[in-house]
Each structure stands twice: as C-alpha cells, then as structure tokens.
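Residues in the sequence shown are numbered consecutively from 201, following my numbering.
Structure first, commentary second.
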Amino acid sequence: MERGQSAAVFAVVVTALVLFVVGIMDYMVTTSRTMEAVAIADLSAHAGAQEVIVLPNGVIEISPQGPGTAATYFSMQAKSYMQLVSVICGRVQGKPACEVAVRVRTAGFLIPENWVTVRAVGYMAYGATRGDQ
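Rendered as structure tokens:
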C-alpha cells in the first residue's frame, strides 16, 4: 500500500460497518415492534371473541359489543407507533371469532418509515362467552 491509502480504506470500512450496524438496529427495532403488536392484537381479538353470540342452534350472530371490547383492549395496551385498522367479530372462517388488524410503523433508522399490517384472529372456545362465565 502506498502511504495514506490505509486511511481511505479505513474510512470506507468504518462507513460500511456503521451502515451495517444501523441496518441491523432498524431490523431489530421493527421486529420487536411487530412482535409486540401481534401480542396486543391477539389479546384484543380474544377479548372481542368472548362477546360473540352463539345461539343454542349453533347460529353465530354478530355481536355489537365485540368490536368495542376489542378496541378498548387495544387502546389500553397500544404504543404510539401502532394503529387499530379494523375489528370484525362474529363468523370468521366459519367459526365464532374476532379478527383484529393493526398497523405498526417501522423504525426508519436506515430504511424509510412505512407501515406493516398485522392481523390476529381470536377464536371463541366452548364456554368462553361472557354469558357463560
């Protein structure tokens, strides 16, 4: 190597290393936020599913309280980087359940910020409605 060339190589390597570390941090924070949103959406979906009405003949009715209950559970747990997109309670895939969709803002350290959508479905277990408790 010629004299002074090692400083240029060092600058390039340090820059690449810093970009790599910032990229890893961006990925880790976004993944952590997404996992947290999945947990909150799942909790909200199961809370809403408890409000689903199943008649004695097996007919599943849309519950007017289900979406409100799920939204309340979400708002109590949600962080500033999460948004509730939708709540559907009643018949989901032919079963009594509640589906919650949540948007999560990515970290945006290296890659520009955008939104990741997470969906969670909470199915009602036998004997788990509010009236059965």
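By construction, the Cβ of each residue, glycine as well, lies at the ideal position given by its N, Cα and C atoms.
The structure displayed is predicted, hence computed values, not measured ones.
Alpha helix (DSSP H) runs wholly inside the stretch 224-270, at least 4 long, in chain order = none
key: Helix, strand or coil at Leu217 [DSSP, three-state]   = Leu217: helix per DSSP, three-state reduction.
inquiry  = Quick check on Ser280: does DSSP put it in helix, strand or coil?
reply    = coil
request  = Have a look at Ala271 and Pro264 and give me their C-alpha separation to the nearest angstrom.
outcome  = 12 Å
inquiry  = Per DSSP, what are the beta-bridge partners of Val285 in this structure?
reply    = Paired residues: none, contrary to the question.
ask   = Distance, Cα to Cα, Leu284 vs Arg303?
value = 6 Å
request  = Output the distance between the C-alpha atoms of Ala249 and Tyr323, rounded to the nearest integer angstrom.
outcome  = 6 Å
task = Assign Pro256 to buried or exposed, taking buried as 16 or more other Cβ atoms, counted over all protein chains shown, within 10 Å of its Cβ.
result = exposed
request  = Report the residue from Gly294, Val321 and Val292 whose alpha carbon sits nearest the alpha carbon of Val300.
outcome  = Val321
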